[in-house]
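What follows is a single structure, written as structure tokens, with notes after it.
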Amino acid sequence: MTNHLQAINGLLELVHSEGNAFQQGRLPSHVDSLEHFREIVPFTTKQELADDREANAPFGSNLTFPLDHYTRYCQTSGTSGQPLPWIDTPESWQSMLDCWKQVHAAAGLTSPSERIFFAFSFGPFLGFWTAYEAATQLGFLAIPGGGMRSEARLQMMRRFEVTALCGTPTYCLRLGNLAQEIGLTFPHLKALLVAGEPGGSLPEVRARLTQLWGDHIRICDHHGLTETGPVTHQDPDHPGRLIVMEDAFHAEVLDPDTHEEVANGQTGELVLTTLKRTACPLFRYRTGDLVRKLRTTQLILDGGILGRLDDMVLVRGVNVYPSAIERVVRRFDDIGEYRVLQTSQNNMVELKLEVEAATNSHVANALQEAFWDQFQLRIPVETVELGTLPEQEFKAKRWVKV
Numbered sequence: 045m046t047n048h049l050q051a052i053n054g055l056l057e058l059v060h061s062e063g064n065a066f067q068q069g070r071l072p073s074h075v076d077s078l079e080h081f082r083e084i085v086p087f088t089t090k091q092e093l094a095d096d097r098e099a100n101a102p103f104g105s106n107l108t109f110p111l112d113h114y115t116r117y118c119q120t121s122g123t124s125g126q127p128l129p130w131i132d133t134p135e136s137w138q139s140m141l142d143c144w145k146q147v148h149a150a151a152g153l154t155s156p157s158e159r160i161f162f163a164f165s166f167g168p169f170l171g172f173w174t175a176y177e178a179a180t181q182l183g184f185l186a187i188p189g190g191g192m193r194s195e196a197r198l199q200m201m202r203r204f205e206v207t208a209l210c211g212t213p214t215y216c217l218r219l220g221n222l223a224q225e226i227g228l229t230f231p232h233l234k235a236l237l238v239a240g241e242p243g244g245s246l247p248e249v250r251a252r253l254t255q256l257w258g259d260h261i262r263i264c265d266h267h268g269l270t271e272t273g274p275v276t277h278q279d280p281d282h283p284g285r286l287i288v289m290e291d292a293f294h295a296e297v298l299d300p301d302t303h304e305e306v307a308n309g310q311t312g313e314l315v316l317t318t319l320k321r322t323a324c325p326l327f328r329y330r331t332g333d334l335v336r337k338l339r340t341t342q343l344i345l346d347g348g349i350l351g352r353l354d355d356m357v358l359v360r361g362v363n364v365y366p367s368a369i370e371r372v373v374r375r376f377d378d379i380g381e382y383r384v385l386q387t388s389q390n391n392m393v394e395l396k397l398e399v400e401a402a403t404n405s406h407v408a409n410a411l412q413e414a415f416w417d418q419f420q421l422r423i424p425v426e427t428v429e430l431g432t433l434p435e436q437e438f439k440a441k442r443w444v445k446v
């Protein structure tokens, strides 16, 4: 494992010597220990990054090198605020490709004969480009699926004997349902690489994906952020657990209120320091991801990403996360897409679900009972016809405030 204290001090020296304007005023030039690091180095928040980009448009001041050293552009998805532009030098970009190679390896993709289909639209989405380029460096045949309808993507996967599919859990569910509807099978497919949503580590979602694609298919979760790059890959021996790539990150799991490190088995916010992405480094970045810490010889996130701190809603005194709603919904095989309508009445949050289902009242009643058993909340459920709700291809945006 990387010597984190040595790596952090090297990064501190770099940002001071090269004149990173964003970091210089915030950081010491040296720390004596990791405890000293945690005591003296402040957190970095997404709002601070957004404010910096507004004040120093368009790329902000968190740039370690002169602008003409930067060759790659991407941006955040905008799921929590305006999209933020992000640029990288070739060296920092390569550091993220090296992380993605670990993701591929954890998914069992090691042979040059691999053929990976990327079910994403082209755009400034870091996850697609880094996954794609890492695959080509490994000698895999990387097949882009941008700008195509779902059925055309399936036909291409079948024609070119794809061995792995890369997409969000939601879209892999959509493709699996459609493949069954039109009678397509994929004898060469052996792995689904899913990310962008918590579903890849949820047992209910994994079970549904396995049911659609086959028992022999490996469901391989992983996660990352535009601000940091790829962060975790699935534990090959324990599905539902994510391993933090600590050669590239110094990670902390902190109580969101006290900011103290949580004990093994406890939940907290994942806080990251990038060790190798030196072009736009982050120190103690508050990701907003809620995780359960399991420290062995590695840092493991037990259950994957449990939710986001800013996504939690309080419904009649009960904390409800979107991932918890999805876990219940995915117990029902005959539910297609769904949507959560969030309203506020007399300063109290209320939820209602719309679900696509071939049947009507039976599914609605059963789901309402399941919500009561899980949350002790009465959450109304309305069924709508299949195909009524918007299809989700990228990060699913199922929660709608009305």
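Every position in the sequence shown, counted from 1, becomes a number in the working numbering once 44 is added.
No residue lacks a Cβ here, since even glycine has one placed at the ideal position from N, Cα and C.
If residue i and residue j are in contact, beta carbons under 8 Å, what's the gap, nearest whole angstrom?
i: Lys-337; j: Asn-363; result: Actually they are not in contact, since the Cβ atoms of Lys-337 and Asn-363 sit about 19 Å apart, beyond 8 Å.
i: Val-238; j: Asp-265; result: 6 Å
i: Val-306; j: Leu-316; result: Not really, about 15 Å apart at Cβ, beyond 8 Å.
So, is residue i buried or exposed, given that buried needs 16 or more other C-beta atoms within 10 angstroms?
i: Phe-166; result: exposed
i: Glu-381; result: buried
i: Glu-57; result: exposed
i: Trp-173; result: buried
i: Ala-99; result: exposed
i: Ser-5; result: Nothing in the structure corresponds to residue 5, since the chain is present only between 45 and 446.
i: Ser-388; result: exposed
i: Met-392; result: exposed
i: Gly-244; result: buried
i: Ala-101; result: exposed
i: Gly-104; result: buried
i: Leu-55; result: buried
i: Arg-218; result: buried
i: Arg-193; result: exposed
Between the C-alpha atoms of residue i and residue j, what's the straight-line distance to the nearest angstrom?
i: Leu-78; j: Asp-346; result: 24 Å
i: Thr-254; j: Lys-234; result: 11 Å
i: Leu-182; j: Ser-157; result: 10 Å
i: Phe-109; j: Leu-93; result: 17 Å
i: Tyr-365; j: Ser-121; result: 20 Å
i: His-277; j: Ile-344; result: 10 Å
i: Phe-81; j: Gln-386; result: 41 Å
i: Leu-222; j: Pro-247; result: 22 Å
i: Val-85; j: Val-288; result: 21 Å
i: Phe-204; j: Cys-210; result: 15 Å
i: Lys-90; j: Asp-96; result: 10 Å
i: Asp-418; j: Asn-53; result: Residue 418 is actually Gln in this sequence, not Asp. The alpha-carbon atoms of Gln-418 and Asn-53 are separated by roughly 47 Å.
i: Arg-360; j: Ala-149; result: 45 Å
i: His-232; j: Glu-241; result: 26 Å
i: Asp-76; j: Thr-46; result: 17 Å
i: Ser-136; j: Thr-272; result: 11 Å
i: Gly-351; j: Glu-400; result: 24 Å
i: Thr-154; j: Asp-142; result: 14 Å
i: Pro-107; j: Phe-376; result: Reading the sequence as shown, one finds Leu at residue 107 and not Pro. Looking at the two C-alpha atoms, the distance is approximately 48 Å.
i: Gln-342; j: Leu-286; result: 10 Å
i: Ser-367; j: Leu-236; result: 20 Å
i: Arg-328; j: Met-356; result: 22 Å
i: Thr-340; j: His-282; result: 13 Å
i: Leu-49; j: His-74; result: 10 Å
i: Gln-208; j: Arg-159; result: Looking at the sequence provided, one finds Ala at residue 208 rather than Gln. Rounded to whole angstroms, Ala-208 to Arg-159 spans 6 Å at the Cα level.
i: Phe-415; j: Pro-434; result: 23 Å
i: Ala-65; j: Glu-370; result: 42 Å
i: Arg-262; j: Ala-251; result: 11 Å
Is the beta carbon of residue j closer than 8 Å to that of residue i?
i: Gln-67; j: Pro-325; result: yes
i: Gly-220; j: Leu-256; result: yes
i: Leu-395; j: Ile-423; result: yes
i: Val-373; j: Ile-379; result: yes
i: Asn-144; j: Ala-178; result: Looking at the sequence shown, residue 144 is not Asn but Trp. Yes, the Cβ-Cβ distance between Trp-144 and Ala-178 is below 8 Å.
i: Leu-358; j: Asp-333; result: no
i: Phe-161; j: Ala-175; result: no
i: Leu-353; j: Pro-300; result: yes
i: Pro-72; j: Tyr-117; result: no
i: Phe-164; j: Gly-191; result: no
i: Ala-402; j: Leu-430; result: yes
i: Gly-171; j: Gly-268; result: yes
i: Thr-446; j: Arg-383; result: Just to set this straight, residue 446 is Val in the shown sequence, not Thr. Not in contact: Val-446 and Arg-383 (Cβ atoms no closer than 8 Å).
i: Val-407; j: Thr-427; result: yes
i: Thr-133; j: His-113; result: yes
i: Gln-138; j: Leu-128; result: no
i: Val-206; j: Phe-230; result: yes
Does the beta carbon of residue i sit closer than 8 Å to a beta carbon anywhere in chain B?
i: Leu-153; result: Looking at the structure shown, chain B is missing, and only one protein chain is on hand.
Would you say the beta carbon of residue i is closer than 7 Å to some non-hydrogen atom of the ligand HEM?
i: Leu-358; result: The ligand HEM is absent from the structure shown, which contains no ligands of any kind.
(message) Contact between the stretch 178-190 and the stretch 212-219 is defined here as three or more beta-carbon pairs at a separation below 8 Å; is this criterion met?
(response) no
(request) Take every Cβ of the stretch 286-294, pair it with every Cβ of the stretch 315-325, and state whether three or more of those distances are shorter than 8 Å. (result) yes
(request) Flag this pair as touching only if the stretch 223-230 and the stretch 189-203 have three or more C-beta atom pairs under 8 Å; answer yes or no. (result) Short answer: they touch.
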